[in-house]
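The sequence shown runs 370 to 771 under my numbering. Note that CB positions come from ideal geometry on N, CA and C, so glycine has one too. These notes are about the structure you will find just below.
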Amino acid sequence: MPHLQLLVIQPTPFCNIDCRYCYLPDRGNKAVVTEETLANLFSQVFSSGWLQDELSVVWHAGEPMVLPVEFYRRAFRLIDSMKPPGLTLTHAFQTNGTLIDDAWCAFFVEAKVNVGVSVDGPQRLHDLNRRTRSGRGTFDKTIAGIRRLRENRVPFHVISVLSAESLGAPRAMFDFYVAERIEQVCFNVEESEGDHVSRSFGATGIEDAYYNFLREFWRLAAAAPGKFQSIREIDDATRFVLRPKDVIFRNQLVEPFAITSMDWAGNIATFSPELLGLKSAVYNDFILGNINRDRLIELPESPALTRMRDDINAGVEMCRQGCGYFSVCGGGEPVNKLAENGTFISTETTYCRMTKMRVTDLVLDLMDMVGGRVGEPPGTTMAERGADLLARERDSTVRPAV
């Protein structure tokens, strides 16, 4: 039986900006999910038997905030009225931040929404790719939204897409976050998937550039303790490396329905959320059924899933047999294998070499620098370790190789 942990809902495919690296093909479509479709989804999710104690719901795959606050108030009330007792359900928004105002902040606090804002660093880097349809940069509106969140004491994190330009500017990125008091940072690489073909992927030295960016950013963060609560890539890799050997790594991206996605029309997909909306004659456009006409609990047996699952599993097994990083990865991301290699039945990608292999290498290198203190609890962040490392170095003549 599936174990559903993450539900990704597309309230609308429309986005009010037009980022150069966006993978979504229909971001000009202003369609909106109906309350009937949401009711059908949550009725079937809650009765599926697929849930344990917690469920995360992410409103994404378009700009969720182009819809009014009242839309979400109604949706959240509907969901709460159906939610079974004992289930902890959390909502999250991933937004470009340009539409945040005091009313949205009040709603985020009221509904305890986890907020992620997409911002690519200082203005000269952000505006390279995050633009309006008329070609104007969006930095000013995005940073105004971030400041509004901070003024209203709404916790948030940021996701920054690292382009070729920003990979060469770790100090500028660091200074920007510190100046804006951004304490939780996530880095995405500019990848090839969906509608977007990355100009960075495949470039000579790109993997080393990513490693060097993270290493330098870590060094800067380590020298400024208290400025960051988390650096996702380093903290996650540390947790994976330090987990007990008898704890099996679970890759939700290759487990059917661990991550379940629904678009505005009620179409259901699984595995990588980015697959929903893409086209494929072989895999039925990655659509397993529609929540308005099909039963969710019957979709694991659907013919549409069979070939996709078998091909993804074959690729995972190839990774298991041939990759030394399998224990910290679990078989990669299906959407990147398909985009880069043309098939799920494949192994490494530029994406996995950058975001898994090189980050794991970095964490192991940093552990060597701090004396291999692998007995520390997984919750200890690399930034905290770095502060200790720098303090020890001040009392020695040995300098780190960073």
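Query raised in the report: Between the Cα of residue 423 and the Cα atoms of 429, 640, 409, 372, which residue gives the shortest distance?
Result: 372
Requested in this report: Kindly give me the distance between the Cβ atoms of residue 467 and residue 385, rounded to whole angstroms, as I take these residues to be in contact under 8 Å.
Outcome: 7 Å
Query - Neighbourhood of residue 638 by C-beta, 7 Å cutoff - its chain only, sequence neighbours within 5 removed - result: 630, 644, 645, 655, 656, 657
Requested in this report: Determine the extent of the beta strand (DSSP E) in which residue 707 is found, giving its start and end residues.
Outcome: Unbroken run through residue 707 is the alpha helix (DSSP H), 703 to 710; no beta strand (DSSP E).
Query - Inter-residue Cα distance where the pair is residue 735 and residue 725 - result: Cα-Cα distance, rounded: 15 Å.
Query raised in the report: Which one of 578, 550, 611 has the shortest CA to CA distance from residue 599?
Result: Out of 578, 550, 611, 550 has the C-alpha closest to the C-alpha of residue 599.
Query raised in the report: Would you call residue 490 buried or exposed, if buried means 16 or more other Cβ atoms sit within 10 Å of its Cβ?
Result: Here residue 490 is buried. Its C-beta has 16 or more other C-beta atoms within 10 Å.
**Report entry** Contact under 8 Å by Cβ, residue 543 with residue 486
**Finding:** no
Query - Simplified DSSP state of residue 675, which is helix, strand or coil - result: Look at residue 675 here: in three-state DSSP terms it is helix.
Query - Cβ neighbour criterion (16 or more within 10 Å) applied to residue 577 - result: exposed
Report task. Starting from residue 555, follow its DSSP beta bridges and name the residues at the other end. Result -> Note: residue 555 is bridge-paired with 528 in the DSSP secondary-structure output.
Query raised in the report: With residue 606 and residue 729 assumed to form a contact (beta carbons below 8 Å), what rounded beta-carbon distance in angstroms separates them?
Result: 5 Å
**Report entry** residue 736 - containing beta strand (DSSP E), residue span
**Finding:** Counted as a single uninterrupted DSSP element, the stretch harbouring residue 736 is not any beta strand (DSSP E) but the alpha helix (DSSP H) occupying residues 728 to 738.
Report task. Go ahead and label residue 463 buried or exposed: buried means 16 or more other beta carbons lie within 10 angstroms of its beta carbon, across all protein chains shown. Result -> buried
Report task. Return yes when the Cβ of residue 555 is within less than 8 Å of the Cβ of residue 512, no when it is not. Result -> no
**Report entry** Cα-Cα separation, residue 618 to residue 430
**Finding:** 27 Å
Requested in this report: Count the other C-beta atoms from every protein chain shown that fall within 10 angstroms of the C-beta of residue 697, then say buried if there are 16 or more, exposed otherwise.
Outcome: Classification for residue 697: buried.
Query raised in the report: Between 488, 520, 374, which lies nearest to residue 546 when the distance is taken from Cα to Cα?
Result: 488
**Report entry** Supposed contact pair residue 387 and residue 502 - C-beta distance, whole angstroms, cut 8 Å
**Finding:** 5 Å
Requested in this report: With 8 Å as the threshold, decide whether the Cβ of residue 495 is near any Cβ in chain D.
Outcome: Chain labels in this structure do not include chain D; a single protein chain is all it has.
Report task. Mark residue 456 as exposed unless 16 or more other C-beta atoms lie within 10 angstroms of its C-beta, in which case mark it buried. Result -> exposed
Query raised in the report: How many angstroms separate the CA atom of residue 693 from the CA atom of residue 677?
Result: 25 Å
Query - Cutoff 7 Å; reference residue 410; Cβ partners in own chain excluding five residues on either side - result: Answer for residue 410: 631, 660, listed in chain order.
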